[in-house]
Each structure stands twice: as structure tokens, then as C-alpha cells.
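For reference, the structure is listed below as C-alpha cells.
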């Protein structure tokens, strides 16, 4: 048994070494996409495998090496593991948990475009993610119907040109940074040619899960645009922020971006005061300001992550005793039909 563990550890280190100098695209293509491999690489008991396969059948596993390396080996309670490990509970369908919890299907006036709030629109810049978070509110999103080609983007761009009240374009997905820099540079050029657009916002997890994504090509088009730039990262636990993430964030700031973070309050991941306080402190060390702390969107397959509103209120009340105001995220819920996020 000891020999097997040593061999497995050697193979793991060899795999890490082989990816150490690979491009972000290569790292993404080599992400773990099999539940058995995920369990084996992390030293999890076979007791977890059946549930992992059941969850994977509903929503594919995807975990890149750079993120996997931050997960504690053989620790079934690791907060990063809980975010990416499929479970049999994902098959449960409690009342109120639906495939489109934010009713985005009602707000798609053009392919790849979602317009819910005044003054801003969201563009599905890529159908792909670098990591599949088990609580994702878009785990059932029809990306095949919302992945425009360049020619098909014209309808969405014409929609933006026609509405002079829109001042901000938000690149989302999937993860927008999973698209090529060539495609993103083209799209941003189209956006900045629209006179009434002022801001470009990018919602992404890629600089966190594969920090090498923040390379010269990305920084080139990001630095060149006239639009004010905001990058909203998605980090739920301080352990997600290693030195590579800090370095990637520094490069983004040098390109003139404002860095914000939004988290989701998740049972077994960050549902205690000490963890939330440590997250805010670590975010600020990385040059990122806490922005939103979302309660869970009731998406089918994620009910086991839910934290009640009462618990959430109590956690935030206690958190105020530990943090200065500028490190306090705003506790919010997104309610379909309302004109903005709803503070709780």
C-alpha cells in the first residue's frame, strides 16, 4: 500500500511538472474531466466514487491542475474540493430549485445577449468554463443557442447601438476569458466603437483557476481599450488565492482595471465568520475589493449548498465586528423581475 501511494505521488508530481510551463490553453485542455480521476488524484475513498459519477452525469466535472494543486490531499472536507466534487445530492429536486432560477430566458433580445437591468447588458462571450462549480446558476443554461459567430454578433451589437441608455457591457459566459484573445479583442473593438458605451465589465474565474491566463495578449487588448475596465472575480475561500493568483491580479491592475470579487455563501465552504473574514483580508492583500456575497441561487442540483437567510444575516452581522467597512461584501439575492440585486 505504501508503495502504491509513493508511485501515485510520483505520477502526480510528474504530471504537475509537465504542465508547469504549458500555455493556459494546454492547461485548460488537460483539466480533469472524469470523476474517477478526480477522486484518485485527491486520495478520496472509493465511497465517494458512486456519488461523484452520479453528479457528473448531471453536470460534467472540470477541474484544471492549477486549482487542483490547492486542494488538500485526502481531505473530504476541503472547502475547495466541495466546490468541484460531484455528489449524489445533485439528483435531488426540492421545491423551488429550477433549471433557470434567474429567468434569463425572458431577457434575451438577441443571440448571446441578456438585458435585465437598466444601463447595462450582458454578453455570453464564451460558452465554456475553466472549472465547473457545482453550485453554478447556469449549469443548465442553453449555451448552444447563445454562442454567436462573428456574423451573428451583429444583431446584439446593433441592439446596443440602438439603445443609447446602455453605458456598460458585461462579458460573461461560461467564462469570457475562455475565448481566444483574438476573438475578445475583436468583440471589444466593436463595443468601444459604440459612442454611448463607457464601461467594460468582465466576470471571470479564469485568473483564479488558471492564473497563466493573464498573459501579454490579454493585457494588450485590455490596456488598449478606451472603455473603463472592471474585472469581477469569483472567489469563495481564501485558500483559492495563492501567489500565482496574486501575481495575475497585479498584472490586471497594471492594465488599468478595477478588481472586485463576488462570492456565493455556501454550506461547508464559507458559512462561518472566520472563513469570510479571512477571505476579505486575503482579497485585499491581492488588490481585490469585496463586492457581493450572494445567497445561493436556487438552481436545480445545488440545494445541498443552501444557507438560510437567517444564518446569512447573522453571519454578516458578526462579520461587521471583524472587518472595516471597505472589506465588507454586500449580502444580496438576485430576484427575477427586479431592477437590481436585492440587499438582504
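Residue numbers (the working numbering): 24 to 367. Glycine residues also receive a C-beta, built at the ideal position from the N, C-alpha and C atoms.
Who are the Cβ neighbours of residue 306 in its own chain at under 6 Å, not counting the five residues just before and after it?
284, 313, listed in sequence order.
Can the beta-carbon of residue 194 be found less than 8 Å from the beta-carbon of residue 148?
With contacts defined as CB atoms closer than 8 Å, residue 194 and residue 148 qualify as a contacting pair.
Buried or exposed for residue 90, please, with buried defined as at least 16 other CB atoms from any protein chain shown within 10 angstroms of its CB.
The residue is buried, with at least 16 neighbouring Cβ atoms inside 10 Å.
Can you tell me where the beta strand (DSSP E) with residue 191 in it begins and where it stops?
Per DSSP, residue 191 is one residue of the beta strand (DSSP E) stretching across 191-195.
Would residue 111 and residue 78 be called neighbours here (beta carbons separated by less than 8 Å)?
Here residue 111 is near residue 78, since their CB atoms are less than 8 Å apart.
Excluding five sequence neighbours on each side, which residues of the same chain lie with their C-beta closer than 8 Å to the C-beta of residue 121?
So the list reads 321, 322, 323, once near-sequence residues are dropped.
Can you name, in chain order, every residue of its own chain whose Cβ lies under 8 Å from the Cβ of residue 341, other than the five neighbours on each side?
The beta carbon of residue 341 is closer than 8 Å to those of 296 in its chain, skipping five residues each way along the sequence.
I need the straight-line Cα distance from residue 185 to residue 219, nearest angstrom please.
Residue 185 and residue 219: Cα-Cα distance of roughly 10 Å.
Please classify residue 118: is it buried, with 16 or more other beta-carbons within 10 angstroms of its beta-carbon, or exposed?
Classification for residue 118: exposed.
Counting only runs of 3+ residues fully inside the region 259-316, write out the beta strand (DSSP E) ranges in chain order.
Qualifying beta strand (DSSP E) stretches, in chain order: 280-287.
Buried/exposed call for residue 33, threshold 16 Cβ in 10 Å
Residue confidence is low: residue 33 scores 48 on pLDDT, short of 50, so the model does not pin down where it sits. Its coordinate-derived value is still stated next. The residue in question, residue 33, is exposed, as its Cβ has fewer than 16 Cβ neighbours within 10 Å.
Distance between residue 242 and residue 275 (C-alpha atoms, nearest Å):
Going from the Cα of residue 275 to the Cα of residue 242 covers about 7 Å.
Tell me whether residue 205 is buried or exposed, calling it buried when 16 or more other Cβ atoms sit within 10 Å of its Cβ.
Exposed, since its Cβ has fewer than 16 Cβ neighbours within 10 Å.
Please classify residue 231: does DSSP put it in a helix, a strand, or coil?
Helix.
Whole-angstrom distance between residue 215 and residue 326, CA atom to CA atom
Between residue 326 and residue 215, the alpha-carbon positions lie close to 40 Å from each other.
What residue range is occupied by the uninterrupted alpha helix (DSSP H) comprising residue 106?
Secondary structure note for residue 106: its alpha helix (DSSP H) is the uninterrupted segment 102-107.
Within this structure, are the beta carbons of residue 234 and residue 201 separated by less than 8 Å?
Taking 8 Å as the Cβ cut-off, residue 234 and residue 201 do not qualify as a contacting pair.
Give me the Cα-Cα distance between residue 281 and residue 73, rounded to the nearest whole angstrom.
Cα-Cα distance, rounded: 43 Å.
Using a C-beta cutoff of 8 Å, does residue 342 count as contacting chain C?
Among the chains in the structure shown there is no chain C, since it carries only a single protein chain.
Figure out for me which residue from 208, 318, 239 has the closest Cα to the Cα of residue 124.
Answer by Cα proximity: 318.
Spatial distance of residue 9 from residue 336 (CA atoms)
Because residue 9 is not part of the residues shown, which for the chain are 24 to 367, the question remains open.
In whole angstroms, give me the CA-to-CA distance for residue 100 and residue 107.
Approximately 12 Å, taken between the alpha carbons.
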